[in-house]
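A.B. asks: Quick mapping for you: the protein sequence lines, in order, are chains W and S. Count along the first sequence from 1, then add 6; that gives the number in my numbering. Count along the second sequence from 1, then add 46; that gives the number in my numbering. Note that CB positions come from ideal geometry on N, CA and C, so glycine has one too. I'd like to ask you about the structure that follows.
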Amino acid sequence: MFRDIWETFLGFLHNFGAMCLFFVRLLQYSPSVIYKRFSLVAYQVYNAGALSIVIIMVCGLFVGGVLGLQAYANLERFNAEDTTGIFAGFALIKEIGPVITALLFAGRAGTALASEIGLMKATDQLSAMEMMAVDPIRYVAVPRFLGGVISMPLLTAIFTTIGLAGSHLVAVELLGVDVGAYWQQLQNALDMEDVMEGIYKSITFGFIASLLAVWEGYNSVPTAEGVGRATTRTVVITAIAVLVFDFMITAWIL
Amino acid sequence: MKRPTTGVEELPDNLIEICDVDFSRGSRPIFSKLNLTIARGQVTAIMGPSGTGKTTLLQLITRQLDPDSGTVIVAGDDIADLSIAELYKLRRRMGMLFQNGALLTDMSVFENVAFPLREHTELSENLIRNVVLMKLHAVGLRGAAYMMPSELSGGMARRVALARAIVMDPGVLIYDEPFVGLDPISMGVIAKLIRQLNTALGITSIVVSHDVKEIGEVADFSYVIADGQVAASGRPSELKNEPSELVRQFMLGLADGPVAFHYDAPDYEEQLLGKSSD
C-alpha cells in the first residue's frame with residue numbers, strides 16, 4: 007500500500023514538473039506569438055472571452071442580487087441597512103467576482119479549450135502540424151492560453167459590475183435602501199488596494215485556469231474517453247486550484 | 047556502420063535506412079533488431095497484420111517517436127542527431143497522409159492546403175491561391191476548395207490531405223493506411239494518385255497498408271513485418287510465393303494459421319464445464 011502511495015506521489019511530482027515546463031514554454035513563446043500571430047490570439051479572446059459574456063452577466067446579476075438580499079436581511083437587524091453597498095461591493099470586488107468568474111470560466115471556456123485541443127490530438131491534427139513542421143504549442147496552445155489570460159480580468163470586471171448592479175437592483179429598487187447611502191457608503195469604504203486585490207486575483211486565476219485547460223487538453227489520452235476525462239479534470243482541478251490560490255492570495259494581502 | 051541486409055541492396059540509392067532498431071511500448075516489444083531500407087524514387091509498401099507496428103515504424107521514420115536503440119537514417123542523416131530546427135527542416139521535405147486525413151477542422155479545404163505555404167513561405171496571396179488550386183486540381187477536388195472538412199466524405203478528406211501533403215513539393219510522401227474505410231471507387235482513386243504522384247513528381251513513397259490487392263497494384267517493393275522484424279520482402283507478385291506460412295496467411299487472407307483465429311485462452315471444454323469461474 008505504501009508503495010502505491012509513493013508511486014502515486016512520484017507520478018504527481020512527474021506530472022507537476024512536466025506542467026511547469028509546459029508553462030515555461032508557453033510563457034517563452036508568448037511574445038513571438040503575440041507579435042507574429044496576433045489574429046490567432048484575438049480570435050481566442052473572442053472564443054474564450056466574448057462567448058462567455060452572457061453566462062458571466064446572467065450569473066453576475068443573480069449573485070449580486072443574492073448578496074443584496076443577504077446583506078439587507080442581516081444588516082437590517084442592526085439598523086445598518088445603509089451599509090448594504092459596502093457588504094455587497096467588498097464581497098464582489100475582493101472575493102466573489104474573481105472566484106466565481108474563474109469557476110464559470112473553467113466550466114464554459116476551460117472545458118471548451120480542453121476538449122477542442124483533446125479532439126485535435128485524437129484526430130491527429132496536432133501530429134499533422136508537427137509533420138508540417140509547425141509547432142502545435144506555438145500554433146494551438148499559446149494562442150488559447152493567452153486568450154484565457156487576457157479574457158479573465160475582463161470577464162471579472164464585467165461580472166463584478168453586473169453584480170453591483172444586481173445588488174443595487176435588489177437592495178435599492180426592491181427593498182428600499184437609500185440610493186445615495188448605498189453608493190456613498192461603498193465609495194467611502196473602498197480603497198484602491200481593495201480593487202487591486204480583485205485584479206491580482208483575476209490575473210492569477212486567468213493564468214491558472216488557462217494553463218490547466220490547455221495542459222489537460224494537450225496531454226489527454228487521444229480517445230473519446232480520454233478527451234472526456236480531460237474535460238472533467240479541467241473543471242475539477244481548476245476549481246480546487248482557484249480556491250487554494252484565493253486563500254493564499256488573501257492571506258498574503260491581509 | 048553495418049548496413050541492413052534485407053535483400054534490397056541492389057536497388058539504387060537508399061533514401062531511408064533503418065538499422066538494428068529496437069522499440070517497445072511499455073513492456074511490450076514492438077521491434078527487435080529491425081532492418082530495412084527504402085529506395086529513392088520508388089513506392090515501397092510496409093505491410094503486416096494489425097498491431098505489428100506499421101504506423102509505429104512511420105513514427106520512427108519521422109521521429110515522432112525515438113527508438114530504444116538502433117539508428118534511423120533519412121537522406122544520409124541520423125535523425126536522432128538532428129536538432130528540433132533541423133528536424134523541422136527535414137519534415138518540410140516530407141509529406142504525410144494520416145489515416146483519417148487529419149485536416150484542421152476549423153479551416154476550409156483551401157486554407158488547409160494553403161496552411162504549410164502560409165507558415166513556411168513568403169509567397170504572395172495570388173501565388174498561394176494558384177498553387178493551392180493546382181494541387182487541389184491534381185487530386186480532382188478544385189471544385190471543393192471552399193468546402194469545410196465536415197462537409198467532405200472520407201475519400202474526399204483523404205484526397206484533400208494528399209493535396210496538403212504535396213503542396214510543399216516534398217521529396218518523400220508517407221501514407222498511413224490510405225485505403226482504410228474507403229469504398230472501392232475511392233480506393234481506386236487513392237491508389238491511382240499514389241502511383242501518379244510518385245511518377246509525375248519523382249518522389250519516394252512509403253505506403254503502410256494491409257490491403258494486399260490495392261497495394262500490389264501500386265508498390266514497387268514490399269516489406270511484410272511480423273513479430274517485430276521483416277518477415278519477407280520483395281516485389282508484391284513475389285511475396286505470394288513466399289515459403290513463410292505467416293506471409294502466405296497474410297497475403298492470401300487465410301483466417302487461421304500462424305496468426306491464430308483464437309486469442310490465447312484456457313481450454314474451452316474445461317472453461318465451460320469446469321468449476322472455475324474464469
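Do you know offhand how far THR129 of chain W's Cα is from LEU103 of chain S's?
C.D. replies: 19 Å
A.B. asks: Would the beta-carbon of MET142 of chain S fall within 9 Å of that of THR108 of chain S?
C.D. replies: yes
A.B. asks: Identify every residue that forms a DSSP beta bridge with ARG71 of chain S.
C.D. replies: S:ARG74
A.B. asks: Could you tell me whether the Cβ of LYS238 of chain S comes closer than 9 Å to any Cβ of chain W?
C.D. replies: Not closer than 9 Å to any Cβ of chain W, the Cβ of LYS238 of chain S fails to qualify, so no.
A.B. asks: Using the C-alpha atoms, what's the distance from LEU219 of chain S back to ILE212 of chain S?
C.D. replies: 8 Å
A.B. asks: Return the residues of the region 137-148 of chain W that lie within a Cβ-Cβ distance of less than 9 Å from chain S, sorted by chain order.
C.D. replies: MET137, MET138, ALA139, VAL140, ASP141 and TYR145
A.B. asks: Starting from the Cα of ALA91 of chain S, find the closest Cα among S:GLN295, S:ALA301, S:PHE161 and S:ILE261 and give me that residue.
C.D. replies: ALA91 of chain S has its Cα closest to that of S:ILE261, out of S:GLN295, S:ALA301, S:PHE161 and S:ILE261.
A.B. asks: Using a Cβ-Cβ cut-off of 7 Å (strictly less than) and excluding sequence neighbours within five positions of SER255 of chain S, which residues of its own chain qualify?
C.D. replies: Closer than 7 Å at the Cβ level, and outside the excluded window around SER255 of chain S, lie ALA91, MET93, GLU223, PRO224, PHE225 and ILE261.
A.B. asks: Which same chain residues end up closer than 6 Å to MET138 of chain W when comparing Cβ atoms and leaving out the 5 residues on each side of it in sequence?
C.D. replies: none
A.B. asks: Which residues does DSSP list as the beta-bridge partners of LEU285 of chain S?
C.D. replies: Its beta-bridge partners do not exist; DSSP assigns none.
A.B. asks: Using the rule of at least 16 other Cβ atoms within 10 Å of the residue's Cβ for burial, across every protein chain shown, is HIS174 of chain W buried or exposed?
C.D. replies: buried
A.B. asks: How long is the line joining the alpha carbons of LEU67 of chain W and GLY74 of chain W, rounded to whole angstroms?
C.D. replies: 11 Å
A.B. asks: Given this structure, state the Cα-to-Cα distance separating ILE62 of chain W from ALA148 of chain S, to the nearest angstrom.
C.D. replies: 35 Å
A.B. asks: Taking 9 Å as the cut-off, decide whether the C-beta atoms of GLY265 of chain S and VAL89 of chain S are in contact.
C.D. replies: Just to set this straight, residue 265 of chain S is Ala in the shown sequence, not Gly. Yes, the Cβ-Cβ distance between ALA265 of chain S and VAL89 of chain S is below 9 Å.
A.B. asks: Residue ranges of each alpha helix (DSSP H) run of no fewer than 4 residues wholly in the region 162-195 of chain S, ordered along the chain?
C.D. replies: 171-184
A.B. asks: For GLY28 of chain S, name the three-state secondary structure that DSSP assigns.
C.D. replies: Past the edges of chain S, shown from 47 to 324, lies residue 28 of chain S, and the structure says nothing about it.
A.B. asks: Nearest by alpha-carbon distance to VAL148 of chain W: which of W:LEU109, W:TYR224 and W:LEU160 is it?
C.D. replies: W:TYR224
A.B. asks: Closer than 9 Å, CB to CB, is LYS146 of chain S near chain W or not?
C.D. replies: First, the amino acid is wrong: residue 146 of chain S is Asn here, not Lys. When Cβ-Cβ separations below 9 Å define contact, ASN146 of chain S makes contact with chain W.
A.B. asks: Hey, how far is the Cα of ARG6 of chain W from the Cα of ARG150 of chain W?
C.D. replies: Not covered by the structure: residue 6 of chain W. The range shown for chain W is 7 to 260.
A.B. asks: List the DSSP bridge partners of PHE267 of chain S.
C.D. replies: S:THR90
A.B. asks: I'd like the span of the alpha helix (DSSP H) that includes LEU81 of chain W, first residue to last.
C.D. replies: Per DSSP, LEU81 of chain W belongs to the alpha helix (DSSP H) from 59-81.
A.B. asks: Since GLY70 of chain W contacts LEU170 of chain W with CB under 8 Å, what's their CB separation in whole angstroms?
C.D. replies: 6 Å
A.B. asks: Which two residues bound the contiguous alpha helix (DSSP H) that contains VAL235 of chain S?
C.D. replies: 230-247
A.B. asks: In whole angstroms, what separates the C-alpha of THR243 of chain S from that of SER196 of chain S?
C.D. replies: According to the sequence displayed, residue 243 of chain S carries Leu and not Thr. Distance between the alpha carbons of LEU243 of chain S and SER196 of chain S: 26 Å.
A.B. asks: If I follow the unbroken alpha helix (DSSP H) through ASP200 of chain W, where does it start and stop?
C.D. replies: 198-224
A.B. asks: Counting contacts by CB-CB distance shorter than 9 Å, is TYR221 of chain S in contact with chain W?
C.D. replies: no
A.B. asks: Could you check the C-alpha separation between GLU315 of chain S and SER232 of chain S for me, to the nearest Å?
C.D. replies: Going by the C-alpha atoms only, they are around 46 Å apart.
A.B. asks: Alpha carbon to alpha carbon, how far is GLU13 of chain W from GLY113 of chain W?
C.D. replies: Rounded to whole angstroms, GLU13 of chain W to GLY113 of chain W spans 31 Å at the Cα level.
A.B. asks: Which same chain residues, not among the five before or five after SER58 of chain W, have their C-beta less than 8 Å away from its C-beta?
C.D. replies: Within the same chain, SER58 of chain W has close Cβ partners LEU110, PHE111, ARG114, ALA115, SER157 and LEU161.
A.B. asks: Here's the rule: buried if 16 or more other CB atoms are within 10 angstroms of the residue's CB, otherwise exposed. What is TYR309 of chain S?
C.D. replies: Exposed, by the Cβ-count rule.
A.B. asks: Under 9 Å, Cβ to Cβ, is there at least one residue of chain S near THR229 of chain W?
C.D. replies: no
A.B. asks: PRO282 of chain S and GLU291 of chain S - do their beta-carbons sit closer together than 9 Å?
C.D. replies: No; because the gap between Cβ atoms is not below 9 Å, this pair is not in contact.
A.B. asks: Please name the residue or residues paired with SER251 of chain S in a DSSP beta bridge.
C.D. replies: Residue pairing by DSSP places SER251 of chain S opposite S:VAL89 and S:LEU219 in a beta bridge.
A.B. asks: Quick one: what's got a C-beta closer than 8 Å to GLY99 of chain S's C-beta in the same chain, skipping five residues either side?
C.D. replies: Within its own chain, the residues whose Cβ lies closer than 8 Å to the Cβ of GLY99 of chain S, once the five positions on either side in sequence are excluded, are PHE69, ILE76, PHE77, ILE271 and GLY274, listed in chain order.
A.B. asks: Out of S:PHE156, S:LEU300, S:TYR221 and S:ARG139, which one is the CA nearest neighbour of ARG241 of chain S?
C.D. replies: S:TYR221
A.B. asks: Cutting at 8 Å between CB atoms, please list the residues of its own chain near ALA203 of chain S, excluding the five before and the five after it.
C.D. replies: ASN146, GLY147, LEU149 and PRO195
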